[in-house]
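This is the structure we're talking about:
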């Protein structure tokens, strides 16, 4: 019987860093770090040191889609903690997931890991929407073939872009309404309804292409708000990148 090995898992995104410890087949999560906080690196060291105090692990897997400066800071923190860090990627096809991209290295490692995690947990075709700094939507068939995907601004980023070009528009809406009766709600509704409509359009296209039902999964910081606009209700699954890292670590350990 192969003994489980504890691994520190770090999802370094554009705006947040998420961390979990893979231990005894389970994941123990910490609250995300806000990378806009000037003190985030010190907070990371404090939190990760506390997490490692409960584990003999000196191994970490890192997913990074942010700047090289932030990546190097994280790697330096881990080195100070005596942790051997491995940055995963670039994405590649394997027996679990065959990528549609002609150049898989162009695919964000976060999308790859999230798809792998969903694929491990879903035997049917699925559409996966990840609502973070960007809204990414990918589709995978029942054989594990990635069909491709789209990338769009997340609703908050779309609102920021509109505000930058039309500062006079009030975007501090309070409710989402298909027929809003004031500018603030109209702008707010447009951003969120556009995101939901894109998910629904991709979902319809995938089901037509496959001539089969496809599940809808949604993850990311804005998952709940977009999920509320979708029918039927999608499966909300947070921390797919961390779960994908854990799966990858387990696969590598068994292969080794």
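In our numbering, the protein residues as written are 125 to 380.
Note that the Cβ used here is the ideal one computed from N, Cα and C, for glycine as well.
Just so we're clear, the structure is a prediction, and the values are computed from it rather than from any experiment.
Task: Assigned secondary structure, residue 372 (DSSP; H/G/I helix, E/B strand, else coil) - done: Along the chain shown, read from residue 1 onward, the residue named residue 372 stands at position 248. Helix, per DSSP.
Open item on the list: If contacts are defined as beta-carbon pairs under 8 Å, then residue 257 and residue 137 qualify, I think. What distance do you get, rounded to the angstrom?
Closed with: Position 133 of the chain shown, counted from the start, is the residue given in the question as residue 257. Position 13 of the chain shown, counted from the start, is the residue given in the question as residue 137. The Cβ separation is near 7 Å, so the contact holds.
Task: Cut-off 7 Å between Cβ atoms - residues of its own chain near residue 157, not counting five sequence neighbours on either side - done: Your numbering for residue 157 matches position 33 in the chain shown. Cβ neighbours of residue 157 beyond the five flanking positions: 140, 141, 164, 167 and 168.
Open item on the list: Please list the terminal residues of the continuous beta strand (DSSP E) segment that includes residue 382.
Closed with: Nothing can be reported for residue 382, as the shown portion of the chain is limited to 125 through 380.
Open item on the list: Please return the same chain residues whose Cβ sits closer than 6 Å to the Cβ of residue 126, not counting the five positions on each side in sequence.
Closed with: Along the chain shown, one-based indexing puts residue 126 at 2. Model confidence at residue 126 stands at a pLDDT of 43, short of 50, so the residue's coordinates are unreliable and nothing is read from them.
Open item on the list: For residue 150 and residue 240, which I take to be in contact (beta-carbon distance under 8 Å), what is that distance rounded to the nearest angstrom?
Closed with: On the chain shown, position 26 is the one that residue 150 refers to. On the chain shown, position 116 is the one that residue 240 refers to. About 18 Å; that fails the 8 Å criterion.
Task: residue 340, DSSP secondary structure in three states - done: As a first step, residue 340 must be located in the chain shown, where it is residue number 216. Three-state result, residue 340: strand.
Open item on the list: Let's test the definition: count the other Cβ atoms within 10 Å of the Cβ of residue 143 and tell me whether it reaches 16, buried, or not, exposed.
Closed with: Numbered from 1 along the chain shown, position 19 holds the residue referred to as residue 143. The residue is buried, with at least 16 neighbouring Cβ atoms inside 10 Å.
Open item on the list: Considering just the uninterrupted stretch of the alpha helix (DSSP H) at residue 197, what are its terminal residues?
Closed with: Position 73 of the chain shown, counted from the first residue, corresponds to residue 197. Element bounds for residue 197: 192-204.
Task: Simplified DSSP state of residue 135, which is helix, strand or coil - done: Your numbering for residue 135 matches position 11 in the chain shown. Three-state DSSP puts residue 135 in a strand.
Task: Presumed contact (8 Å Cβ cut-off) between residue 371 and residue 244, rounded CB distance - done: Position 247 of the chain shown, counted from the start, is the residue given in the question as residue 371. Position 120 of the chain shown, counted from the start, is the residue given in the question as residue 244. Residue 371 to residue 244, Cβ: 6 Å. Contact.
Task: Rounded Cβ spacing between residue 365 and residue 354 (contact assumed at less than 8 Å) - done: Stepping through the chain shown from its first residue, residue 365 is reached at position 241. Stepping through the chain shown from its first residue, residue 354 is reached at position 230. The pair is not a contact, with the Cβ atoms about 21 Å apart (cut-off 8 Å).
Task: Residues near residue 302 in its chain [Cβ-Cβ closer than 6 Å; skip 5 each side] - done: What you label residue 302 is simply residue 178 of the chain shown in a count that begins at 1. Nothing listed; no residue qualifies.
Task: CB of residue 233 within 7 Å of CB of residue 206, strictly - done: Sequence index remark: in the chain shown, residue 233 carries index 109 (1-based). Sequence index remark: in the chain shown, residue 206 carries index 82 (1-based). Contact: no.
TODO: Give the range of the beta strand (DSSP E) segment to which residue 409 is assigned.
DONE: Missing from the structure shown is residue 409; the chain here goes from 125 to 380 and no further.
Open item on the list: Pairs of beta-carbons, one from the stretch 324-334 and one from the stretch 298-312, closer than 8 Å: are there three or more?
Closed with: no
Open item on the list: Can you give me the C-alpha to C-alpha distance between residue 326 and residue 255, rounded to a whole angstrom?
Closed with: The residue you call residue 326 lines up with position 202 of the chain shown. The residue you call residue 255 lines up with position 131 of the chain shown. Cα to Cα, the separation comes out at about 15 Å.
Task: Secondary structure of residue 350, DSSP reduced to three states - done: By one-based count along the chain shown, residue 350 stands at place 226. If DSSP states are grouped into helix, strand and coil, residue 350 belongs with the helices.
TODO: Determine, using beta carbons only, whether residue 223 and residue 268 come nearer to each other than 7 Å.
DONE: Start at 1 with the first residue of the chain shown, and residue 223 comes out as number 99. Start at 1 with the first residue of the chain shown, and residue 268 comes out as number 144. Going by C-beta atoms, residue 223 is not nearer than 7 Å to residue 268.
- [ ] Look at residue 261 and residue 273 and say whether their C-beta atoms are less than 7 Å apart.
- [x] Residue numbering aside, residue 261 sits at position 137 when the chain shown is read from its first letter. Residue numbering aside, residue 273 sits at position 149 when the chain shown is read from its first letter. Yes, Cβ-Cβ distance for residue 261 and residue 273 is below 7 Å.
Open item on the list: Rounding to the nearest angstrom, what Cα-Cα distance links residue 184 and residue 238 in this structure?
Closed with: Stepping through the chain shown from its first residue, residue 184 is reached at position 60. Stepping through the chain shown from its first residue, residue 238 is reached at position 114. Looking at the two C-alpha atoms, the distance is approximately 18 Å.
- [ ] Identify every residue that forms a DSSP beta bridge with residue 210.
- [x] Along the chain shown, one-based indexing puts residue 210 at 86. Note: residue 210 sits in a beta bridge opposite 185.
Open item on the list: Whole angstroms are fine: how far does the CA of residue 324 sit from the CA of residue 208?
Closed with: Here residue 208 refers to the residue found at position 84 when the chain shown is read from its first residue. Here residue 324 refers to the residue found at position 200 when the chain shown is read from its first residue. If you take the alpha carbons of residue 208 and residue 324, they lie about 42 Å apart.
- [ ] Please state if the CB of residue 159 and the CB of residue 145 are separated by a distance shorter than 7 Å.
- [x] Here residue 145 corresponds to residue number 21 of the chain shown, with the count starting at 1. Here residue 159 corresponds to residue number 35 of the chain shown, with the count starting at 1. Result no, Cβ atoms of residue 145 and residue 159 do not sit closer than 7 Å.
Open item on the list: Using 8 Å for Cβ pairs, my map puts residue 135 next to residue 181. What's the rounded Cβ distance?
Closed with: Locating residue 135 in the chain shown gives position 11, counting from the first residue. Locating residue 181 in the chain shown gives position 57, counting from the first residue. Actually they do not touch by this definition, with Cβ atoms about 17 Å apart.
Task: Buried or exposed (CB count within 10 angstroms, at least 16 for buried), residue 252 - done: One-based indexing of the chain shown puts residue 252 at position 128. Answer is buried; the Cβ neighbour count reaches 16.
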